[in-house]
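Heads up: the sequence shown at position 11 corresponds to 160 in my numbering, and the numbers run straight through without jumps.
Report on one structure; see the data block that follows.
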Amino acid sequence: MFEVGDSIVYPMQGTGIIKSIEEKEFLGKKRSYYIIKMLTGNMEIMIPVDKISDSNVRLISDVSTLEKVLRKFHERQSNSLESLNSKQRQQMNMKKIKSGSLQETAEVVIDLILLNKKKPLNSSEKQMLDKAQRFLIDEISLIKEITTDEAEDLLQSKVD
């Protein structure tokens with residue numbers, strides 16, 4: 150499914166690169182594992198090859214998909230989160246982020262930014278916005294082959 154050197158997105162963890170595919174033995178059973186070097190947090194993750202589809206790990210998006218997603222920031226379409234209570238918003242946004250989808254992560258960022266302009270976000274919504282922005286910035290930097298600072302500036306220019 151993935152090859153060594155592939156840039157990936159691991160939902161709720163961030164972006165990484167498949168460093169190797171190794172055979173490991175645990176509890177007397179040999180399995181192949183993807184060894185993923187996460188780009189933030191200086192962490193390596195091992196995921197069994199036969200369980201990778203359950204984890205929602207995906208290749209990073211392409212440039213055209215990114216451009217479509219970034220256009221959404223100009224359109225400023227909100228999914229009317231303000232009609233939901235904070236617990237419902239939290240659940241919906243968490244589901245979107247857990248999907249690992251670039252589109253859905255961007256929707257969380259857009260919705261929370263727009264909501265924040267109407268009323269202050271609570272602390273958990275602020276944390277969710279920060280996390281979603283970080284995931285988005287990391288993927289932008291890989292797709293565009295730019296630094297995370299440049300990706301953050303690009304995203305900020307779309308938000309303003």
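Note that beta-carbon positions come from the ideal geometry of N, C-alpha and C, so glycine has one too.
- Beta-bridge pairing by DSSP links V158 to T164 and R207.
- Exclusion of the five residues before and after S210 leaves L251, E288 and I292 as the residues of its chain whose Cβ lies within less than 7 Å of its Cβ.
- Of V218, K267, L264 and K280, the smallest CA-CA separation from M243 is found for K280.
- Taken atom to atom, the span from the alpha-carbon of V308 to that of L264 is near 13 Å.
- When the five nearest sequence neighbours on each side are left out, the beta carbons in the same chain lying within less than 7 Å of the beta carbon of I286 are those of T297, A300, E301 and L304, in order along the chain.
- When DSSP states are grouped into helix, strand and coil, S250 belongs to the coil group.
- When DSSP states are grouped into helix, strand and coil, F151 belongs to the coil group.
- When only Cα atoms are considered, E152 and K268 end up about 45 Å apart.
- Closest in C-alpha terms to I185, from the list Q239, E224 and I201, comes I201.
- Counting along the chain, the unbroken beta strand (DSSP E) around I185 starts and ends at K178 to M187.
- In the three-state reduction of the DSSP assignment, E294 falls in the coil class.
- I196: member of the beta strand (DSSP E) spanning E193 to P197, first to last residue.
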